[in-house]
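In this note's numbering, the protein residues as written are 1 to 290.
C-beta atoms are modelled at their ideal positions from N, C-alpha and C, and glycine is treated no differently.
Working notes, beginning with the structure itself.
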Ligand SMILES: Cc1cc2nc3c(=O)[nH]c(=O)nc-3n(C[C@H](O)[C@H](O)[C@H](O)COP(=O)(O)OP(=O)(O)OC[C@H]3O[C@@H](n4cnc5c(N)ncnc54)[C@H](O)[C@@H]3O)c2cc1C
């Protein structure tokens, strides 16, 4: 299948890229890895007049800790996250997720920024960003602004990004001692989009959970922030009773639909199973050993 005709731009600066996006007034799209955009163009679900390829803009691909944050440049490939020793050691949830996104071919091209910006509720990274309390640096005509992950996802394929804005950096708070996280994904076959997924981030101190974040994949119009479920853990001793209660609350906010990946009731039940599994792993990684 061949996509419709489009103008192609490969700017070498962010300012130039933003200017071109503005010139097309919502009729241009950022092209990153092309792993989601090109398929939807081939299916005629999107027909942008222009593509603004951001791959030639220098210094947009990196993973580093700096000033209280893990900073991931928007064009960092998902395979680079999967291979990152820093992620493996300090942000295992990212390795959990990146290792099960699609297949190595897609991960070699697909970017972290693209996975987050696409706004697909079945993408794996958005739920992780919600659980981790991440924020996104975004460049537009008026300069740079920062959007918390919790207010980024507005609806299916709709984010808080304006048409002339570019996500430049993903910022994740650096972990503290006693923090652990995990991502659990259920898929029909290896490399597939998730049936459901659950992302957990826990901070434990003195055998108590001090704070928690929970994100859900593929059970709503966007990735879901399971705030009540996460809040129910605060002040509790990490263990089966607290984890079961949080999993029940996560199941309550899930809005799964029946489709080729399974019936809604099955998906809701699996949210409960995966949430407890991910909570146990996150707690072990936090050092609590629950
Ligand atoms: C066979 C297959 C299987 C897949 N399986 C999975 C899976 O299991 N889990 C999963 O999470 N994903 C999966 N994906 C999707 C894949 O992860 C995509 O690569 C990713 O969702 C988009 O990243 P990209 O860099 O390719 O973005 P693109 O396709 O280039 O762009 C996607 C959208 O985001 C916008 N965009 C991209 N970067 C930016 C930016 N920096 N600023 C503003 N807007 C931007 C584009 O304009 C476009 O609207 C799969 C894809 C394929 C083809």
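For residue 86, the closest C-alpha among the options 101, 66, 105 is that of 66.
Straight through space, the alpha carbons of residue 71 and residue 121 are spaced by roughly 23 angstroms. Looking at the DSSP output, residue 24 sits in no beta bridge, so it has no partner there.
Taking all protein chains in view, the Cβ of residue 36 is crowded by 16 or more other Cβ atoms within 10 Å, so the residue is classified as buried. Counting C-beta pairs closer than 8 angstroms gives three or more between the region 171-181 and the region 198-207, which meets the contact rule. Here the alpha carbons of residue 267 and residue 91 stand approximately 27 angstroms from one another. Placement of the Cβ of residue 120 at a distance of less than 7 angstroms from at least one heavy atom of ligand 1 is found. In chain order, 37, 46, 48, 50, 51, 52 place their CB closer than 8 angstroms to the CB of residue 29, counting only its own chain and leaving out the 5 sequence neighbours on each side. Relative to ligand 1, residue 140 has its C-beta separated by 7 angstroms or more from all heavy atoms. Between residue 134 and residue 172 the beta-carbon gap is near 5 angstroms, inside 8 angstroms, which marks them as a contact. When beta bridges are read from the DSSP output, residue 82 appears opposite no residue. Within its own chain, no residue has a Cβ closer than 6 angstroms to the Cβ of residue 89 once the five positions on either side in sequence are excluded.
Within the model, the alpha-carbon separation for residue 24 versus residue 14 is close to 16 angstroms. In the DSSP secondary-structure assignment, residue 29 is bridged to 51.
Ranked by Cα distance from residue 185, the first of 285, 261, 169 is 261.
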